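Numbering (the working numbering), first residue to last: 1424 to 1759.
We treat Cβ as the ideally placed atom computed from N, Cα and C, and that holds for glycine.
Quick caveat, the model's predicted, so the values are computed rather than measured.
Encoded as C-alpha cells, the structure appears first; notes follow it.
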Ligand code: PEP
Ligand code: MN
C-alpha cells in the first residue's frame, strides 16, 4: 500500500504517522523526493482503516497495490481448491456438482420424493430451505428445526449430502449433521454470522448479495476464512439491475472473474437469478460453458403448489433434461 504525503508536512507529523503504521505491525519504507514524500507500507494492510488515513490532513492519497483478501486470493494459492461436501461429493478443482431440491422443505413426503427423483436424474447434493428469508413476515417462514429433521431423513434414505440455509448463528447446533451450510444473499454481509461460521469446519455455500460487488463477496469469504474455515463455495444468484423482466440479472462474468481472483469454486443458481422456470435451462447451460463448478437448481414435485418460488422451480422431469444437457456441454468442453 502506498501513502502519498502532502508537501509541507512537518517531520513530527510524519513520524507519528509512521509510528501509527508500525504499531499495527507494518513495515514502512520512506521515500523522500524533492516535492513529495511517499510511504510504502508492507505487511498485512487489510486491517488498515483507509477512510481514516485518507481523512488525515497530511495525506494526499492512498493506493492499494495488493488485494485486501489474502486467504481467498489465487495469488497466494494458485491451485483450484476442491471442497469436500460429504459422502465423497466434491466441488471445484475439476469436480462438478448438481445441487437440486425445493426452495423450502414442506413435508417429509415431499422432500423425500424430490430427493429420490433428483438423485435419479444426476444430482449429487440435495438442497431445501428450513429457515426461509422471506420478504414478507406473513409468508411461509420454513419448517425450521423440523425441516432440518426431514432433510436428514431424506439424506438417510438417498445418501445425498444436504445443503440448507442458516439465518442466525444461534441455530448452529441444529446444523450439526448438515453437510453444507448456505449463507443466503441477504446475509452475505452479516459479519457476525460469517465470523461464527469461520469457527466451524462445515463447507459454506456463500451466496452473492443482491447488490454486492464481487470484491465484497470475496471479502465476505475472507471473514469466514480468517476464522480458520477455508471451505467456501461461491454462489452467484443474480444481482439487482434496472431490468425487471427477470427476477434478477445473472452476472455470468462472476464465474471467470472469481476464478481469476480466487482459488475457490463457483456455483451458479439460475433459479433465483431468473425467477422463471423457462429460463433456468438456457442459463444453466451458459453457466456450465462459462466454467462454473456446479449449479444449484430449484426442483419441486408440483411447482404450481409450491409454498415458495414455484414459478422458478423445475419438475423432476425437466431437471433430468437439464442434467443431460449439462453433461453434454461438459463433455464438449473436455474434448475441446
Ligand atoms: C434460496 O436459495 O432459497 C434463497 C433464499 O436464495 P437467495 O439467498 O439467493 O435469495
Ligand atoms: Mn427459493
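Measuring from the CB of residue 1686, is there a heavy atom of the ligand MN at a distance below 7 Å? no
Three-state secondary structure (DSSP) of residue 1559: Residue state, collapsed to three classes: coil.
Who does residue 1691 pair with in a DSSP beta bridge? 1659, 1718
Using beta-carbon positions only, say whether residue 1713 and residue 1678 come within less than 8 Å of one another. yes
Measure the C-alpha to C-alpha separation of residue 1579 and residue 1479 and round it to an integer number of angstroms. So the two alpha carbons sit approximately 60 Å from each other.
Below 6 Å CB to CB, which residues in the same chain sit around residue 1633 once its five sequence neighbours on both sides are set aside? Result list for residue 1633: 1608, 1663, in chain order.
Determine the burial state of residue 1756: buried for a count of at least 16 other Cβ atoms within 10 Å of its Cβ, exposed for fewer. exposed
Check this for me: beta carbons of residue 1717 and residue 1522, under 8 Å apart or not? Yes. Within cutoff.
Same chain, Cβ closer than 7 Å to residue 1540, five either side skipped, listed in chain order: Counting only Cβ-Cβ distances below 7 Å, and skipping sequence neighbours, we find 1739.
DSSP puts residue 1763 in a beta bridge; with which residues? With the chain running from 1424 to 1759 in the structure shown, residue 1763 is simply not present.
Contacting residues, own chain, Cβ-Cβ under 8 Å from residue 1648 (five flanking each side not counted): 1494, 1495, 1621, 1655
Within 10 Å of its beta-carbon, does residue 1727 have 16 or more other beta-carbons around it, so buried, or fewer, so exposed? For residue 1727, the number of other beta carbons within 10 angstroms of its own is below 16, and it is reported as exposed.
May I ask which residues mark the beginning and end of the beta strand (DSSP E) holding residue 1482? Start and end: 1482-1486.
Where does residue 1646 land, buried or exposed, given buried means 16+ other C-beta within 10 angstroms? buried
Where does residue 1603 land, buried or exposed, given buried means 16+ other C-beta within 10 angstroms? buried
Nearest-angstrom Cα distance between residue 1574 and residue 1534? 7 Å
Between residue 1675 and the rest of its own chain, which residues show a CB-CB distance below 7 Å, the 5 nearest in sequence each way excluded? 1709, 1710, 1713
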